[in-house]
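Q: In terms of the working numbering, the sequence shown has 52 at position 45, counting the first letter as 1, and numbering is strictly consecutive. What follows is a structure written as structure tokens; I'll ask about it next.
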Amino acid sequence: MVNYSNGQPTTNSLLVAEKFRKRHSDVIRSIENQISTNAKLRSLFLSTTYEDSKGEQRPMYIMNRDGFSLLVMGFTGKDALNFKLEFIEAFNVMEQRLKEQKPLTPAEMFLQNAQLMVEHDNRIAQVESKLHVLEAKTTTRPDYFTIAGYGTLHHISVNLKQASILGRRASKLCKERNLQTDKTPDPRYGEVKMYPREVLDEVFNEPIN
Numbered sequence: 008m009v010n011y012s013n014g015q016p017t018t019n020s021l022l023v024a025e026k027f028r029k030r031h032s033d034v035i036r037s038i039e040n041q042i043s044t045n046a047k048l049r050s051l052f053l054s055t056t057y058e059d060s061k062g063e064q065r066p067m068y069i070m071n072r073d074g075f076s077l078l079v080m081g082f083t084g085k086d087a088l089n090f091k092l093e094f095i096e097a098f099n100v101m102e103q104r105l106k107e108q109k110p111l112t113p114a115e116m117f118l119q120n121a122q123l124m125v126e127h128d129n130r131i132a133q134v135e136s137k138l139h140v141l142e143a144k145t146t147t148r149p150d151y152f153t154i155a156g157y158g159t160l161h162h163i164s165v166n167l168k169q170a171s172i173l174g175r176r177a178s179k180l181c182k183e184r185n186l187q188t189d190k191t192p193d194p195r196y197g198e199v200k201m202y203p204r205e206v207l208d209e210v211f212n213e214p215i216n
């Protein structure tokens with residue numbers, strides 16, 4: 008939840024989005040809106056990227072305690088307060104650990120940074136895995152799936168190009184058979200289409216390329 012970076016505790020926008028159950032794109036937008044209103048806030052947020060499950064680079068922000076506090080100040084909801092307290096406690100624990108640490112040798116600093124990078128990458132991978140599961144689920148239309156969600160359920164790897172091809176095929180079949188499509192929120196793209204299971208069974212059985 009909270010990591011060590013440049014001598015201070017930090018977290019990132021992807022973890023905040025996951026914990027507060029928000030779209031990552033909405034969290035990114037909130038950060039950029041705040042930065043655009045006051046240039047001084049740039050020091051609280053570091054723009055970077057992470058690699059998603061498709062191997063593509065996606066935007067992400069790393070923030071310190073002040074940046075986090077400013078970002079989530081307006082977050083409301085049933086569990087928002089508990090989530091804020093969890094993050095604050097994590098910041099406190101990390102800060103205490105840093106205070107108790109003895110000065111590290113260059114070799115120890117290198118090892119520590121390497122370990123933190125591995126932990127961070129593992130955490131991102133876990134978040135991406137959860138996003139894939141969310142893609143495959145819908146409470147309102149349990150018989151409908153996104154292209155990526157259907158592929159995940161059936162252990163079929165689908166890249167962006169293939170997903171576009173399959174989506175066009177599925178849309179065409181739905182139109183020909185007068186079947187409805189649906190949409191579901193997606194943490195990365197805003198909204199994505201969902202198709203009936205029987206249509207996806209058919210298009211996935213055809214050669215993708």
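Ideal placement from N, C-alpha and C gives every residue a C-beta, glycine not left out.
Over the uninterrupted beta strand (DSSP E) stretch that includes L53, give me the two end residues.
A: That run of the beta strand (DSSP E) goes F52 to E58.
Q: Could you check how far apart the C-beta atoms of S20 and I38 are, in whole angstroms? I think they sit under 8 angstroms.
A: That belief holds up - the Cβ atoms of S20 and I38 are roughly 6 angstroms apart, short of 8 angstroms.
Q: Which ranges does the alpha helix (DSSP H) cover as unbroken runs of at least 4 residues, wholly within the stretch 144 to 201, from first to last along the chain?
A: Qualifying alpha helix (DSSP H) stretches, in chain order: 154 to 160 and 167 to 183.
Q: Just verifying my parser: in three-state terms, what is the DSSP assignment at M80?
A: Residue state, collapsed to three classes: coil.
Q: With hydrogens ignored, establish whether the beta-carbon of K200 is closer than 7 angstroms to any heavy atom of the ligand SAH.
A: For the structure depicted, the ligand SAH is absent and the ligand set is empty, with no information on it obtainable.
Q: In terms of residues, what are the limits of the beta strand (DSSP E) holding N71?
A: Start and end: Q64 to N71.
Q: What residues in its chain sit with their C-beta under 6 angstroms from that of E213, if we drop five residues either side in the sequence?
A: Excluding sequence neighbours, E213 sits near nothing in its chain.
Q: Could you name the residues that DSSP lists as bridge partners for N19?
A: Partner(s): I69.
Q: Of the residues P192, M80 and D208, which one's Cα is nearest the Cα of R30?
A: Ranking the options by Cα distance to R30, first place goes to P192.
Q: Roughly how many whole angstroms lie between the Cα atoms of T56 and L167?
A: Looking at the two C-alpha atoms, the distance is approximately 19 angstroms.
Q: In this structure, what does DSSP give as the bridge partners for P203?
A: DSSP output for P203 lists Y151 as bridge partner(s).
Q: Going by DSSP, what residue range makes up the alpha helix (DSSP H) through N40?
A: Run containing N40: H31 to T44, per the alpha helix (DSSP H) assignment.
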